Amino acid sequence: MYAVIKTGGKQYKVAPGEQLKVESLVADVGSVFSFDQVLLVANGEAIKVGAPTVAGATVKAEIVAHGRGDKIRIIKHRRRKHYHKEQGHRQNYTAVKITEIVGA
């Protein structure tokens, strides 16, 4: 069984027991979070595709940790123009563990 969820402007294919990093969520570590924007639910041969979401379907996950990703370096440079600019960025994330998929 798997599902496709949408969170933080991105889509993720998830299955029960998986752990993944998503955009930062406002929830405490150890609490249960429910994803309501479920785009697809598949159970063996039975596939339900939403338009745009599957009605009544939710994906429940446990919040494992909050953190920050690796630093990404942004470098802009124009040769012979005395222009050089560097910038760094670290994206916040929330690690979640998928506990169950409730399909309609």
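The numbering of the sequence shown is the working numbering, which starts it at 1236 and goes up by one. The C-beta atom is built at its ideal place from N, Cα and C for all residues, glycine as well. Just so you know, these numbers come straight off a predicted model, no measurement behind them.
When Cβ pairs closer than 8 Å are counted between the two stretches, the stretch 1253-1273 is seen to touch the stretch 1285-1296, the count reaching three or more. For a cut-off of 8 Å, the C-beta gap from ILE1333 to GLU1253 is around 5 Å, short enough to register as a contact.
Sixteen is the threshold: when 16 or more other Cβ atoms of the shown chains lie within 10 Å of the Cβ of TYR1247, as they do, the residue is buried. GLY1304 has its alpha-carbon roughly 32 Å from the corresponding atom of HIS1317.
Scanning THR1288, HIS1312 and GLU1258 for the CA closest to the CA of LYS1245 turns up GLU1258. GLY1279 carries a coil assignment under DSSP once its states are collapsed to helix, strand and coil.
The beta carbon of HIS1312 sits closer than 8 Å to the beta carbons of TYR1318, HIS1319 and LYS1320 from its chain, once the five residues preceding and following it are set aside; these are given in chain order. Following the DSSP letters along the chain, one finds ARG1303 inside the beta strand (DSSP E) bounded by residues 1293-1303.
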